[in-house]
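For reference, the structure discussed in these notes is given below.
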Amino acid sequence: MTVGTSLLGQLLLKAKLITEDQLNEALRIQRLEGKRLGSVLLKLGYLNEESLITFLSRQYNAPAINLSDHKIDTSLLKLIPYETAKRYQLIPISKDGAGLRIAIADPSNNLAIDDVRFLSGMKVLVHVAAESAIMEAIEKYYPKKEAKVVLRGRKGDGKDVMEIEDLNKVIGSALEDITVIEEKEDKEAPKEVDAPIVKLVNGILMNAIRSRASDIHIEPSEDILRVRYRIDGVLQPVLKLPVKMKNAITSRIKIMSHLDISERRLPQDGRIKLKFGDDREIDFRVSTLPTLFGEKVVMRILDKSNLQLELSKLGFDEQQLMDFYDAIEKPYGMILVTGPTGSGKTTTLYSALSHLNKPGVNIMTAEDPVEYNFFGINQVHIREDIGLTFAAALRAFLRQDPDIILVGEIRDFETAEIAIKAALTGHLVLSTLHTNDAPSTIARLINMGIEPIMVSSSVILIVAQRLARKICENCKEQEHISETTLLKAGFSPDIVKDVKCYMGKGCPECNNTGYKGRIAIHEIMPIKDELKEMILQGAPAADIKKEAVRLGMSTLRQSGLKKVINGITTIEEVLRVTFED
Numbered sequence: 018m019t020v021g022t023s024l025l026g027q028l029l030l031k032a033k034l035i036t037e038d039q040l041n042e043a044l045r046i047q048r049l050e051g052k053r054l055g056s057v058l059l060k061l062g063y064l065n066e067e068s069l070i071t072f073l074s075r076q077y078n079a080p081a082i083n084l085s086d087h088k089i090d091t092s093l094l095k096l097i098p099y100e101t102a103k104r105y106q107l108i109p110i111s112k113d114g115a116g117l118r119i120a121i122a123d124p125s126n127n128l129a130i131d132d133v134r135f136l137s138g139m140k141v142l143v144h145v146a147a148e149s150a151i152m153e154a155i156e157k158y159y160p161k162k163e164a165k166v167v168l169r170g171r172k173g174d175g176k177d178v179m180e181i182e183d184l185n186k187v188i189g190s191a192l193e194d195i196t197v198i199e200e201k202e203d204k205e206a207p208k209e210v211d212a213p214i215v216k217l218v219n220g221i222l223m224n225a226i227r228s229r230a231s232d233i234h235i236e237p238s239e240d241i242l243r244v245r246y247r248i249d250g251v252l253q254p255v256l257k258l259p260v261k262m263k264n265a266i267t268s269r270i271k272i273m274s275h276l277d278i279s280e281r282r283l284p285q286d287g288r289i290k291l292k293f294g295d296d297r298e299i300d301f302r303v304s305t306l307p308t309l310f311g312e313k314v315v316m317r318i319l320d321k322s323n324l325q326l327e328l329s330k331l332g333f334d335e336q337q338l339m340d341f342y343d344a345i346e347k348p349y350g351m352i353l354v355t356g357p358t359g360s361g362k363t364t365t366l367y368s369a370l371s372h373l374n375k376p377g378v379n380i381m382t383a384e385d386p387v388e389y390n391f392f393g394i395n396q397v398h399i400r401e402d403i404g405l406t407f408a409a410a411l412r413a414f415l416r417q418d419p420d421i422i423l424v425g426e427i428r429d430f431e432t433a434e435i436a437i438k439a440a441l442t443g444h445l446v447l448s449t450l451h452t453n454d455a456p457s458t459i460a461r462l463i464n465m466g467i468e469p470i471m472v473s474s475s476v477i478l479i480v481a482q483r484l485a486r487k488i489c490e491n492c493k494e495q496e497h498i499s500e501t502t503l504l505k506a507g508f509s510p511d512i513v514k515d516v517k518c519y520m521g522k523g524c525p526e527c528n529n530t531g532y533k534g535r536i537a538i539h540e541i542m543p544i545k546d547e548l549k550e551m552i553l554q555g556a557p558a559a560d561i562k563k564e565a566v567r568l569g570m571s572t573l574r575q576s577g578l579k580k581v582i583n584g585i586t587t588i589e590e591v592l593r594v595t596f597e598d
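The sequence shown begins at 18 in my numbering and counts up by one.
What follows is the structure in C-alpha cells.
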C-alpha cells in the first residue's frame, strides 16, 4: 500500500516528535487546505524543517541533502516537466550511472517516484530535502512556463477541448519502442482518436508493462476517468484523467483490439498484440463493460517473457514437488488444480505441460481463452457462441489420438464426465475447479453428479493454491510478532519461541508496499488408498482433510507459515490469502 499522510502522522506521533492534539489539529487543517501533512506541521510550528528531514531520512532510508550546497545538473530538468516537479515538490539533481538522483520533500510519495522512474526510464535514487529549498530550486532553474498539450474531440467547436498539463507524465519518452502488430485498418471507422490520444493509450500500456502489472483497469465515474494497475495481486491507482476523454480512449483501445467502436451498450472482448522493443511481444486481453457512467475497460497483460514455467521455482516444498512430479509422470489419471480466479492455476498447469512436452507425446488443450501458445502443443480456443464448448472439444480430442489432455475448467457435469472417462481410458487429464481447498474438490465433483467410484478411480492428485506477495529483498527487515499472534496464526507451541518473522519496510523499489513479486502457496493431496476408501464411503470433506493431513499433507495455512519461517512472505499476507485450518 502507499504510505499515506495519516500514517506519516502516526509515525511522527510514535517517535514523540508531535503530540496527539497537534496531529489532530494538523489533520483538520490538511483536510481543509489539501496540503501535505509535513507542510501543515511546519506551518503550525509543531516541527522544524531540520527535525522533519532527519526523521524522513531515517524512516525511509533516504539520505538528506542540502540543495544550497549541491550543484544541480540542469541538463536533467528536461526529464521531469516543470508542473510535475512543482506538483510533487521534487527536482532531479544528478546522474549516478544508470540512476537518477532526485531531491524530494516527501519520500513516502511512491506515485511521484513511479512517475519520475517512468518519465526518465532510469532507476530513481531518492534524497530528502527541505520543501522550501526544493521550491526555490524549481523556480530558479526551470523555465518559467510550460506549454500545455491540447486534445480535441471530433467537433472542434471548443466544447470538446480537453487539456492535460503533463501528457509526458503518462506517455514517456520511448513510445517509439511500441508497435501494434496486425492492427486493423478500417477507412470507414470514425476518426475519434488523434495523435495525443494514441500516445496516451500507448503510454498507459507501456507504463503497465514497466510496473509489472498483470491488469489495467480504466474506469469512468461521474467526475473523472480513473486508471488503476493490478500489481502483485493488488489494485493501485496510477492516473486520473478528465472524464470527457473516456470515449476517445475507449475507441482507441477498441480499434487496437478489433472491436466495434460504435457498440457501447453491450460487453465486448478482444485482444491487442504489441511489439515492445526489438523482439518482445506482449498480448493484452481486452474486455469492455457498459457501466452507469460509460464503458469500463479491463486489459489482462499476457507477457510470455515473464512466464515462469520451471516447476521447481513455483513455490512447492520438497515433498510437494515430489508428489507433483510423481503424478504428472503417470500414464493416465486426472490431476486437478483448484483455487479462486487469479491464484496461478493456469501457470501451474502450463508448467506441467512444459515439463511433459516431448516430441513423442500428443498434448491437446481446451482453453477459454488461450492465454499463451506453445510450440508442440495443440491448443483449442473455446467458443460457446458457436457450440464449441469444453465438452464438445473433449469429445473431438478423444478422436485425435491424445496422450495428455488439458481442460481449462470443469464447469458442468457433462465436461466432468467426459474428462473422467478419458482419465479412465488411458489418458492423463489436467484441469481446474473453483474450490477453497483440495479435500472439498471431491465433494464438488460428487455434487456435480459424478459417482464416488468414478472419482476415486480417476483422480490421482489435487492441488489447491493461492498467490502470496513476497517481501521486498531491498527493504527486508526483521519484525517482532507476539507469541500469542504466532500461536493464533497456526504455529505449534514448541517452535513459536524460535520463529523469526520479517517484513518489508517500504522503499522505492517496491513502491513503498514492502512487497515485490508473488509466490504460490500449495496444498497437495495425493489420492492414496486410504482416501479412495473414504471417497467410496461418502466421507465428508472435513474427515477427508483430517486423514490427508495424517498421511502427510500440508494445508494451505501450514505451507504459508513455512514460507514465513523461510523469510519469503509475512504472516499478514498468509492470513490474507488462506483460511484458518
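Beta carbons are placed, not taken as given, at the ideal position from N, Cα and C, and that holds for glycine.
Asked, Found
"From Lys562 to Leu64, what distance separates their C-alpha atoms?", "57 Å"
"What distance in whole Å lies between the Cβ atoms of Leu411 and Ala436, which are believed to be in contact at a cut-off of 8 Å?", "6 Å"
"Per DSSP, which one or two residues make a beta bridge with Glu236?", "Arg243"
"Assess contact between the region 475–489 and the region 390–404, defined as three or more Cβ pairs (one per stretch) separated by less than 8 Å. Is contact present?", "no"
"Please report how far the alpha carbon of Val244 lies from the alpha carbon of Asp300, in whole angstroms.", "19 Å"
"Counting contacts by CB-CB distance shorter than 8 Å, is Arg269 in contact with chain D?", "Considering every chain present, this structure includes no chain D. It has just one protein chain."
"With distances taken between CB atoms, is the gap from Leu128 to Pro109 smaller than 8 Å?", "no"
"List in chain order: all unbroken alpha helix (DSSP H) runs of 4+ residues lying wholly within the region 427–486.", "430–441, 456–465, 469–475"
"Tell me where the alpha helix (DSSP H) around Met599 begins and ends.", "Residue 599 falls outside the range modelled here, since the chain spans only 18 to 598, and no answer is possible."
"Please report the residue range of the beta strand (DSSP E) in which His144 lies.", "140–145"
"Give me the Cα-Cα distance between Thr308 and Leu256, rounded to the nearest whole angstrom.", "19 Å"
"How many whole angstroms separate the CB atoms of Thr305 and Glu312, which I take to be in contact at a CB cut-off of 8 Å?", "5 Å"
"Given a threshold of 16 other Cβ atoms within 10 Å of its Cβ, counted over all protein chains shown, does Lys60 qualify as buried or as exposed?", "exposed"
"Would you give the residue range spanned by the beta strand (DSSP E) that Lys118 belongs to?", "It is worth fixing the name first, because residue 118 is Arg in this sequence and not Lys. Element bounds for Arg118: 116–121."
"Output the boundary residues of the alpha helix (DSSP H) element that contains Glu67.", "66–76"
"Checking 8 Å against the spacing of the C-beta atoms, do Pro124 and Leu73 come in under that value?", "yes"
"Taking only the alpha-carbon atoms, compute the straight-line gap between Glu355 and Lys88 and give it to the nearest angstrom.", "In the sequence under discussion, the amino acid at residue 355 is Thr, which differs from the Glu named in the question. Their Cα atoms are separated by approximately 58 Å."
"What's the gap between the Cα of Leu40 and the Cα of Ala32?", "13 Å"
"Which of the three DSSP states, helix, strand or coil, is assigned to Phe301?", "strand"
"Which term fits Thr36, buried or exposed, when burial requires 16 or more other beta carbons within 10 angstroms of its beta carbon?", "exposed"
"With C-beta atoms as the reference, is Val378 less than 8 Å away from Asp420?", "yes"
"Answer yes or no: do Gly577 and Val566 have a C-beta to C-beta separation smaller than 8 Å?", "no"
"Straight-line CA distance for Lys549 to Asn453?", "20 Å"
"Name the residue from Cys492, Arg535, Arg483, Ala120 whose alpha carbon lies nearest to the alpha carbon of Ser85.", "Ala120"
"Can you grab the Cα-Cα spacing for the pair Glu280 / Val251, in whole Å?", "31 Å"
"In its own chain, which residues sit with a C-beta less than 6 Å from the C-beta of Lys533, not counting the 5 before and 5 after it?", "Cys489, Cys527"
"Drop a sphere of 10 angstroms on the beta-carbon of Gln336, count the other beta-carbons inside from all chains shown, and report buried for 16 or more, exposed for fewer.", "exposed"
"Use the C-beta contact count for Glu384: other C-beta atoms within 10 angstroms, 16 or more gives buried, fewer gives exposed.", "buried"
"Thinking just about the alpha-carbon of each residue, which of Thr358, Ile582, Pro456 is nearest to the one in Met570?", "Pro456"
"Rounded to whole angstroms, what's the CA-CA distance from Leu504 to His444? Just pull it up for me.", "45 Å"
"In this structure, how does DSSP classify Glu200 when only helix, strand and coil are distinguished?", "Residue confidence is low: Glu200 scores 42 on pLDDT, short of 50, so the model does not pin down where it sits. Its coordinate-derived value is still stated next. Glu200: coil per DSSP, three-state reduction."
"With DSSP as the reference, label Asp174 as helix, strand or coil.", "Any answer about Asp174 is weak, because its pLDDT of 38 lies below 50 and its placement is not dependable; what the coordinates show is given next. Coil at Asp174, not helix or strand."
"Take Val141 as the anchor and find which of Asp113, Tyr159, Ala147, Ala150 has the nearest alpha-carbon.", "Asp113"
"Applying the 10 Å Cβ sphere with the 16-neighbour rule, what's the burial state of Lys330?", "exposed"
"Please classify Thr382: does DSSP put it in a helix, a strand, or coil?", "strand"
"Between which two residues does the beta strand (DSSP E) containing Thr355 stretch?", "350–355"
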